[in-house]
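Colleague: In our numbering, the protein residues as written are 804 to 1175.
Let me give you the structure first, and then I'll get to my questions.
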Amino acid sequence: MSYFLTVHKEMAPKIIGALGFEGVRTLDLTGPLEAFSKARLGDNGDRSQPCYKVIVVGLTGKIFTSESGVVFKAQKTIKSAPALDTIIVPGGVGLRNAETIKSAVKWLVDRAEATRRVACVSTGIYAMAPTGLLDGRCVTTHWRFTRDVAQRFPKLRVQYTASFLKDGLFYTCGGGAAGIEMTLALIDEDYGSQVALSVAREFGMNLRPPGDDEALLDPAVYQSGPIERLAELPAWILGHLRDKISVNVLAERASVCPRHFGRLFKRAFHRTPADFVEHLRLTEARRLLITPRNSIEGVAACVGFKSADVFRRAFERRFGVTPREFRDRFQLGVQDTGSEPTSPQTAVFSYRRVRMHADQGEFRAKAAKSAV
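Put into structure tokens, the structure is as follows:
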């Protein structure tokens, strides 16, 4: 029996409660729940143990319909829900209903003190922000709504380019697959990278650091921009990362005078051309580094850095860790042969538990203040 399974042998599955309501977005609700349900301790055989027990909590009743027409039946309602380890608040057009928001806010405030953490998926932040529990915290949401959230809730520190963020015991994320990415981070926080990576592989996704505030490129954001001649540049850059990409090359590609290109580019993408290209190179490098067979030197060349040393400095400047440290963080104890986790992973797990309890005190104090 592995050390990791021994540590958790006596632990009951953590109870995850996802809020369900009329007009919920289907993927926001089902994506995280599917990920949680696949997390298991052991070899995924008959003797493996589920890490979580997942329940849907109906806001106004057990039967509700998603915005895409899927009919759900919740196991519990907000009146009968048991104690929850984690609350998932999905988004959806239903949160435009004032009564829905009012009921959700009251329940979240009532539950806050006894809940270890709350995670908002996409526009689920509209139900959480009025509680006051997110005031002063870094948050994100679906890119279409970041400006509106920032205007409606000025006490929130809204990040426009994040896939998902963690601040204390609160998680927020963008739309689409970001909800699953955030869930993988929650699993990693609870059980370590070995369990989280096994779930990530089921979805064909990569595991990303909790609290990561560097978004992967969402082409939809840029292709709908106001400057049509620049709209296709991000996709083109991604296809030519290995090449030398200068301002003149980009200007020619966009059929814009080089003299005016920098100003137009910054207005469209809120970065200089050089910073934008480096951002895409390092984001792609981070994805490639998770695969063990890709050498650091090979990754550097693949994304267009002239040397591994230049790559290392740029990576550390942007992410705060070296490429090797980043790789070690994600590959620690994770081998296709199923080898047992090493002692450093155990140390990381223990550290997370200490931080978790420290943050929980802050969470409860904030909840008590909001309930007054």
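Glycine included, each C-beta is placed from N, C-alpha and C at the ideal position.
Give, in chain order, every unbroken run of the beta strand (DSSP E) that is at least 3 residues long and sits entirely within the segment 858 to 941.
Modeller: Whole beta strand (DSSP E) segments, 3+ residues: 866 to 868, 874 to 876, 889 to 892, 920 to 923.
Colleague: Would the segment 823 to 837 and the segment 889 to 898 be scored as touching if the rule is three or more Cβ pairs under 8 Å?
Modeller: Segments in contact, yes.
Colleague: When we look at the beta-carbon of K958 and count the other beta-carbons within 10 Å, is it buried (16 or more) or exposed?
Modeller: For this step, residue 958 is matched to residue 155 along the sequence shown. Exposed: under 16 other Cβ atoms inside 10 Å.
Colleague: Are T875 and L936 close, meaning C-beta to C-beta below 8 Å?
Modeller: The sequence position of residue 875 within the sequence shown is 72, counting from 1. The sequence position of residue 936 within the sequence shown is 133, counting from 1. Note that residue 875 is Phe in the sequence shown here, rather than Thr. No, the pair does not count as a contact, with Cβ atoms beyond the cut-off.
Colleague: Helix, strand or coil: how does DSSP classify L968 here?
Modeller: Looking up residue 968 in the sequence shown gives position 165. Residue state, collapsed to three classes: strand.
Colleague: Quick test of your reading: E1100 and A1111, contact by CB under 8 Å. State the CB separation rounded to the nearest angstrom.
Modeller: Along the sequence shown, one-based indexing puts residue 1100 at 297. Along the sequence shown, one-based indexing puts residue 1111 at 308. 5 Å between Cβ atoms; contact.
Colleague: Identify whether Q852 lies in helix, strand or coil by the three-state DSSP scheme.
Modeller: Along the sequence shown, read from residue 1 onward, the residue named residue 852 stands at position 49. Three-state DSSP puts Q852 in a strand.
Colleague: Can you name, in chain order, every residue of its own chain whose Cβ lies under 6 Å from the Cβ of T934, other than the five neighbours on each side?
Modeller: Taking the sequence shown and counting its residues from 1, the one referred to as residue 934 is at position 131. Correct list, in chain order: V908, L911, V912, S1173.
Colleague: Verify whether the separation of the beta carbon atoms of I983 and T889 is less than 8 Å.
Modeller: Taking the sequence shown and counting its residues from 1, the one referred to as residue 983 is at position 180. Taking the sequence shown and counting its residues from 1, the one referred to as residue 889 is at position 86. No, they are not a contact pair.
Colleague: With H, G and I counted as helix, E and B as strand and the rest as coil, what does DSSP make of A821?
Modeller: For the purposes of this step, residue 821 is taken as residue 18 along the sequence shown, with counting starting at 1. It is a strand residue.
Colleague: Between the C-alpha atoms of A1054 and A838, what's the straight-line distance to the nearest angstrom?
Modeller: The sequence position of residue 1054 within the sequence shown is 251, counting from 1. The sequence position of residue 838 within the sequence shown is 35, counting from 1. Each residue's alpha carbon lies about 43 Å from the other.
Colleague: Would you identify the three-state DSSP class for G1014, choosing helix, strand or coil?
Modeller: Here residue 1014 refers to the residue found at position 211 of the sequence shown. With a pLDDT of only 46 at G1014, under 50, the local geometry of the prediction cannot be trusted, and no value is derived from it.
Colleague: Can you tell me whether R960 is helix, strand or coil according to DSSP?
Modeller: Position 157 of the sequence shown, counting from 1, holds the residue named residue 960. Residue state, collapsed to three classes: strand.
Colleague: Within the same chain, show all residues whose beta-carbon is closer than 7 Å to that of K865, passing over the 5 residues directly before and after it, in chain order.
Modeller: What you label residue 865 is simply residue 62 of the sequence shown in a count that begins at 1. Result list for K865: K876, A877, T880, in chain order.
Colleague: Cα separation between M931 and P893?
Modeller: Stepping through the sequence shown from its first residue, residue 931 is reached at position 128. Stepping through the sequence shown from its first residue, residue 893 is reached at position 90. Taking the straight line joining both Cα atoms gives about 10 Å.
Colleague: Please classify T1094 as buried or exposed, where buried requires at least 16 neighbouring CB atoms within 10 angstroms.
Modeller: For the purposes of this step, residue 1094 is taken as the residue at position 291 of the sequence shown. Classification for T1094: exposed.
Colleague: Terminal residues of the continuous alpha helix (DSSP H) containing T829?
Modeller: Taking the sequence shown and counting its residues from 1, one reaches residue 829 at position 26. Here the alpha helix (DSSP H) through T829 covers 829 to 841.
Colleague: Where do the N-terminal and C-terminal ends of the alpha helix (DSSP H) with F1114 fall, by residue?
Modeller: As a first step, residue 1114 must be located in the sequence shown, where it is residue number 311. Here the alpha helix (DSSP H) through F1114 covers 1111 to 1122.
Colleague: Could you pull out every residue in the same chain whose Cβ sits closer than 8 Å to the Cβ of A922, ignoring the five residues on either side in sequence?
Modeller: Here residue 922 refers to the residue found at position 119 of the sequence shown. Correct list, in chain order: P835, T889, I890, I891, V892, F973, Y974, T975, C976, M985, T986, L989.
Colleague: Less than 8 Å between the beta carbons of L1085 and R1121, yes or no?
Modeller: Along the sequence shown, read from residue 1 onward, the residue named residue 1085 stands at position 282. Along the sequence shown, read from residue 1 onward, the residue named residue 1121 stands at position 318. Cβ distance < 8 Å, so L1085 and R1121 count as in contact.
Colleague: Have a look at K1109, G1107, A1088 and flag the residue whose alpha-carbon is nearest the alpha-carbon of F1228.
Modeller: The structure shown does not extend to residue 1228, since the chain spans only 804 to 1175, so no value can be given for it.
Colleague: Note the first and the last residue of the continuous alpha helix (DSSP H) segment covering F1079.
Modeller: What you label residue 1079 is simply residue 276 of the sequence shown in a count that begins at 1. Looking at the DSSP string, the run of the alpha helix (DSSP H) that includes F1079 is 1076 to 1092.
Colleague: Less than 8 Å between the CB atoms is what I'm expecting for V857 and S840, so what's the real figure, rounded?
Modeller: Within the sequence shown, residue 857 is the residue found at index 54, counting from 1. Within the sequence shown, residue 840 is the residue found at index 37, counting from 1. Contact flag correct, Cβ pair sits at about 5 Å.
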